[in-house]
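A.B. asks: When you read off a place in the sequence shown, starting at 1, and then add 229, the result is the number in the numbering used here. All residues carry an ideal CB built from backbone N, CA and C; glycine is no exception. Remember, predicted model here, so these are calculated numbers, not experimental data.
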Amino acid sequence: MFANPPLIELIAELRWIPGQASPVVPGSLGPGIQFPLVGLNVEQTFSNFSNQVAQRGFGLSERLVPPGFPYIPFSVAYRFRKSPSQRENFLYQIGSGIFSANALPPYREWDRFRPVVREGVGALLISRHESENGDFTSIILRYIDLFSDEFTEGRSSFNFLNELLGIRIELPNVVRSQTQDLGKVQAGLQISLPLSTGLQMNLNFQQGQAAGKTGIIMTTEVFTVSATPAQLEPVMQTFDNAH
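As structure tokens, then:
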């Protein structure tokens, strides 16, 4: 459909129940903002993972949580990349109860990204502390596409969805009759549907900004609705089914 792919990021994500401090003490960022205090063993998980991915060439690390701040469950704390000289567009991220392998443009094909995902999942399975090595509660494959002006050719999001993506949205006659310019109608859309594979898909369209550009952001998520064993092959099979 498009000469240049609109994909700006592909994310293969795993989530699990993070280990908590014992006894559980509510952490706080201020009045009215509380969350479970993450156990100290998560630091061991991060250290193990850092060593594992460094052995796989991802030796550049970036800490995303300021020193002294608590780790918030399901928020990324560290990011790992290869040296810029290797000219690869992949990275790993890890936090309390969350891991992701990310592919950035130019994204070519799943077969090239899949080995990166597999290596990252393998590193994670070796690295997790026994306090948080249970099943994965969620496996998500997330595509983020940005349709900027080069794709929409000046169309409103309403017309773009209808004319180019084939998603028919009809305005009620009473609304249509009151519209001054149908070419300027903007539309957002969210769709959730079960798939024949047993997975779930969410589609979300909204106007926004990403990668320094403004346009229509389409987020496609395919995800599990039940726990998956913390084993390499079941995880990769799920990602293959999601793709």
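By the 10 Å Cβ neighbour count, where 16 or more other Cβ atoms means buried, how is G248 classified, buried or exposed?
C.D. replies: Classification of G248: buried, given that the 10 Å Cβ count is 16 or more.
A.B. asks: Go through its chain and collect everything with a Cβ distance to N318's Cβ below 8 Å, but skip five positions before and after it.
C.D. replies: Correct list, in chain order: A332, L333, P334, P335, Y336.
A.B. asks: Does the segment 459–468 come close enough to the segment 364–373 to have 3 or more Cβ pairs within less than 8 Å?
C.D. replies: Cβ pair count under 8 Å is three or more, so yes.
A.B. asks: Inspect the beta-carbon positions of D378 and L236 and report whether they are closer than 9 Å.
C.D. replies: No, these two residues do not count as a Cβ contact at 9 Å.
A.B. asks: Give the secondary structure of Q429 by DSSP, where H, G and I count as helix, E and B as strand, and everything else as coil.
C.D. replies: Correct three-state label for Q429: strand.
A.B. asks: So, does the segment 446–458 touch the segment 396–407, judging by three or more C-beta pairs under 8 Å?
C.D. replies: As far as the Cβ criterion goes, the segment 446–458 does not touch the segment 396–407, which means the pair count is below three.
A.B. asks: Taking 8 Å as the threshold, find out whether the segment 278–292 comes into contact with the segment 348–362 through three or more Cβ pairs.
C.D. replies: Yes, the segment 278–292 is in contact with the segment 348–362.
A.B. asks: Please look up how many angstroms separate the CB atoms of V305 and I323, rounded, as I've assumed it's under 8 Å.
C.D. replies: 7 Å between Cβ atoms; contact.
A.B. asks: If you run the structure through DSSP and keep just helix, strand and coil, what is G437?
C.D. replies: In this structure, G437 counts as strand in the three-state DSSP scheme.
A.B. asks: To the nearest angstrom, report how far apart A471 and V451 are at their CA atoms.
C.D. replies: Approximately 6 Å between the Cα atoms of the pair.
A.B. asks: Could you give the DSSP three-state label for Q322: helix, strand or coil?
C.D. replies: Q322 falls in the strand class under three-state DSSP.
A.B. asks: Assuming D469 is part of the alpha helix (DSSP H), what are its boundary residues?
C.D. replies: Run containing D469: 461–471, per the alpha helix (DSSP H) assignment.
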